[in-house]
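See below for the structure under consideration.
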Amino acid sequence: MWRKRVGVSDSLPPWNKEHTSLQALVANFCYPRNWPSTAERESIRKDQKIYLTFGIHPRLVGLESEMTQQRWLRDLHSMCKAKNVVTVGECGFDTTDHPPAKILDFQQQMNR
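Residue numbers for the sequence shown follow the numbering used here, beginning at 43 and rising by one.
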């Protein structure tokens, strides 16, 4: 039942736990209010198999003040320089076919 809901083909071979190993994990954080603290990020980085991505979901842009958005951008810029951060994720370029100008402006700022 679950396989049909998420669109997984029944023709795929079954998952074999005995022949599968986890090589790495990417943790994506896209809601600034839920970004892990500095101490939490340091703890996560101790595991060399965990890589981090940070972003700002576009739906948040219209909900926060310009000052808050600028603080998020500064924090994002700083976090992206840290060890085990591999990319900026969940920027929301696919949020809509015709995104509002405010979202487009914010996305351009993220890319600087």
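We put the CB at the ideal spot given by N, CA and C, even for glycine.
Tell me which residues share the same chain as residue i and place their Cβ nearer than 8 Å to its Cβ, disregarding the 5 neighbours each side in the sequence.
i: V128; result: V68, Y93, L94, T95
i: V48; result: Annotation note: pLDDT 49 at V48 (below 50); position unreliable, no value reported.
i: D117; result: P74, W77
Based on the DSSP output, what are the partners of residue i in its beta bridges?
i: N70; result: T95
i: T129; result: T95
With distances taken between CB atoms, is the gap from residue i to residue j smaller than 7 Å?
i: A66; j: K91; result: yes
i: R87; j: N126; result: yes
i: W114; j: P74; result: yes
Near residue i, which residues of its chain fall below 6 Å by C-beta distance, leaving aside the five closest residues on each side in sequence?
i: E106; result: none
So residue i and residue j are supposed to be a Cβ contact under 8 Å. How far apart are they, rounded?
i: Q214; j: V103; result: Outside the shown range of the chain, which is 43 to 154, sits residue 214, and nothing can be said about it.
Among the residues of its own chain, which have a CB less than 7 Å from the CB of residue i, if the five just before and after it don't count?
i: W57; result: none
i: C122; result: F96, V130
Less than 6 Å separating the Cβ of residue i from some heavy atom of the ligand HEM?
i: S85; result: Within the structure as shown, the ligand HEM is missing, as the structure has no ligands at all.
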